[in-house]
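Below: one structure, written as structure tokens.
Below, the structure is given as structure tokens:
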């Protein structure tokens, strides 16, 4: 709740609104927590996820993933009841959307502001102009969307933000529309995001060990933890094996001085977990997590004890769960893949 | 079906029976395919999975993961209707199982035959003898189980197999019970597994690109493929972005001469896929797969085209799906995480 409040306040200070990315928590119940901070729009990473949140009452949703023509039927269905935005980055996508989507949607032009994953090179004004000019009543231009994913690898986040704003504002001045911006490192670390119209970050609701490493948050801010039973202590090699593997945490790892980290172990408390790291998940297989610990810590653990694992990447770890429990023990539902 | 037949025949030649690991496909329907080859016992990697297959009619199941006392209630429930085996590797686990499991189960002693993940050092005869001697009518000694996971990293698979057999047979001769053995590389690559009583491999049902790299199978043997829509061709950097990311393929990668491979792209055909690799999934994020391809291949692809991705690790990719489709287009159900 504190994480949501902080981002909602930052949006206010920056004269922007918050359209949080719900790809981190995947849960209608957690989505509802945002409403009490005035949030009424959200972002989804897939058409299925947009459908799930539309069914849960969200009526202003952006699917922040390039338009997939094969899902035009579901897109049209969502657009019947919600203001839905899709992402366009080619004339072909625009043509197909106009042909296949039957209910009005908005579109954002995806601009590559340096991540080089998707998006149009901002210097390609000819293509951008063509897409804007082909805006129709059915597939209507709304603005420019950028994701500065290179903030995950580059320390100078202020500079990336300023460069991104310069690029996106030039386009906005020329073609109109709004600016949607949203990587978690810059939205977390910068105090003022003025220039952005819409903040689209999502990971901040849970954060994770990767974001601690980047500097987006402190360990105390991490809002999700995997309860993992100790099944095999191996003090002879300073390891305990827990039930908590790739199907629970994902195989996302960060490199820490040449050592891999798939998550950090902490002690559980009565209604949550402690903030002291007591072990490193150094290896992971389908169901096993191999946690490196000092011998004293291991000597206090026995088979059947529960420890907590703070995930390296909460979005992927959360995707792998069927549900959550709150620190009060209430079951929290999320999307089911069926 | 050919993959199942081949392993069933190898079991016959080796005078062993097949207790396939169902952690690869997670599907009662696919489990049923094994029955026509005479398979009546299976392996699960979690208590939930064992419950799912017990509910689907399997009445002889081994949970090939160290006994987790916190799941004793469900273990007891499964044991009411099925012959269930659990894994024990410490006196503490054995004591807890005898205390907490209410219906009779068998137990295998997990021996570390070189993987150094879980299991007892085979030279620790004192502990092994203690566990065997504490066998009870409720938690009954069945034999020794080993997983030669180091076959994934070592080329001399024949030697690993011979060393493992020597170790396990010495224990069998001394203490009785059977030998359960099961990594996919050795079970696939060796023609004769004589000495093993029970073959526990699982990945062979689907195989994957990792197993192709190890030499366990050919690309033609891979039995699962992710249909992935092209959403953003980027010929300027020899890449296409597909809808197929970490939540579909997992983030398992193999290293190929310094390049990461999260899967291999192939062309789809009318009722399956072709066996020529047309691209490498070099990067992956939550929903995006970045596929490197030559410019000619890209020039023939457009937004909305489907390509196939052969996963690097089929067990994890399959875990992420809600269901499959057969090459005839029939929906195949699997475990749902709820």
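Residue numbers (our numbering), protein chains in the order written: chain S, 1 to 338; chain Z, 1001 to 1338.
Built from N, CA and C at the ideal position, the CB exists for glycine as well.
Source: prediction; values computed, not measured.
- For residue 1229/Z, at least one C-beta of chain S is nearer than 7 angstroms to its own C-beta.
- Using a Cβ-Cβ cut-off of 7 angstroms, residue 15/S does not count as an interface residue toward chain Z, since no Cβ of chain Z sits closer than that to its own.
- The Cβ atoms of residue 1026/Z and residue 1335/Z sit closer than 7 angstroms to each other.
- Within chain Z, the residues whose beta carbon sits less than 9 angstroms from that of residue 252/S are 1246, 1251, listed in sequence order.
- Excluding sequence positions up to five before and after residue 4/S, its CB lies within less than 7 angstroms of the CB of 33, 34, 37, 205, all in the same chain and listed in chain order.
- Between residue 302/S and the set 258/S, 286/S, 228/S, 101/S, the nearest pair of CA atoms involves 228/S.
- If you draw a straight line from the Cα of residue 17/S to the Cα of residue 11/S, it comes to about 5 angstroms.
- Excluding five sequence positions before and after residue 50/S, the CB atoms of its chain that fall closer than 6 angstroms to its own CB belong to 44, 61, 63, 78, given in chain order.
- With 16 or more other CB atoms across the displayed protein chains lying within 10 angstroms of its CB, residue 211/S is buried.
- For residue 113/S, no pairing in a beta bridge is given by DSSP.
- The beta carbon of residue 1211/Z does not come within 7 angstroms of any beta carbon belonging to chain S, so the residue lies off that interface.
- Taking a cut-off of 8 angstroms on C-beta distances, the region 1110-1118 of chain Z touches the region 1152-1168 of chain Z, as three or more cross pairs fall below it.
- Residue 1088/Z sits close to residue 1094/Z, with the two beta carbons spaced by under 7 angstroms.
- Residue range 1184-1189 is occupied by the alpha helix (DSSP H) that includes residue 1185/Z.
- Listed along chain Z are 1066, 1117, 1118, each with a C-beta nearer than 8 angstroms to that of residue 241/S.
- Using beta-carbon distances, residue 1303/Z counts as an interface residue toward chain S, with a partner under 7 angstroms.
- Here residue 1177/Z really is in contact with residue 1141/Z; their C-beta atoms are around 6 angstroms apart, less than 8 angstroms.
- Taking a 10 Å sphere around the C-beta of residue 323/S, we find fewer than 16 other C-beta atoms and assign the residue as exposed.
- Using a Cβ distance threshold of 7 angstroms, residue 1280/Z and residue 1292/Z count as a contacting pair.
- Residue 19/S counts as buried, since no fewer than 16 other beta carbons sit within 10 angstroms of its beta carbon.
- Look at residue 319/S: its C-beta is under 7 angstroms from a C-beta on chain Z.
- In the three-state reduction of the DSSP assignment, residue 1217/Z falls in the coil class, being assigned neither a helical nor a strand state.
- A Cβ of chain S is located within less than 7 angstroms of the beta carbon of residue 1338/Z.
- In the three-state reduction of the DSSP assignment, residue 1067/Z falls in the coil class.
- At the C-beta level, residue 260/S and residue 1252/Z stay beyond 7 angstroms of one another.
- By the CB criterion at 7 angstroms, residue 1021/Z and residue 1215/Z fall outside the cutoff.
- A direct Cα-Cα distance of roughly 55 angstroms separates residue 1307/Z from residue 1136/Z.
- In the three-state scheme derived from DSSP, where H, G and I count as helix and E and B as strand, residue 333/S is classed as strand.
- In terms of CA proximity to residue 235/S, 295/S leads the group 271/S, 266/S, 295/S.
- Here residue 1196/Z is buried, its C-beta having at least 16 other C-beta atoms within 10 Å.
- Chain-order list of chain S residues neighbouring residue 1316/Z: 246, 247, 251, 286, by C-beta distance under 8 angstroms.
- In the structure shown, residue 98/S adopts helical secondary structure according to DSSP, grouped into three states.
- Its Cα nearest to that of residue 284/S, the residue 245/S stands out among 245/S, 273/S, 321/S.
- Between the C-alpha atoms of residue 70/S and residue 108/S there is a straight-line separation of about 19 angstroms.
- Annotation: residue 331/S has no Cβ neighbours in chain Z at a cutoff of 8 angstroms; minimum Cβ distance is about 10 angstroms.
- Taking a Cβ-Cβ cut-off of 7 angstroms, the neighbours of residue 69/S in chain Z comprise 1303, 1304, given in sequence order.
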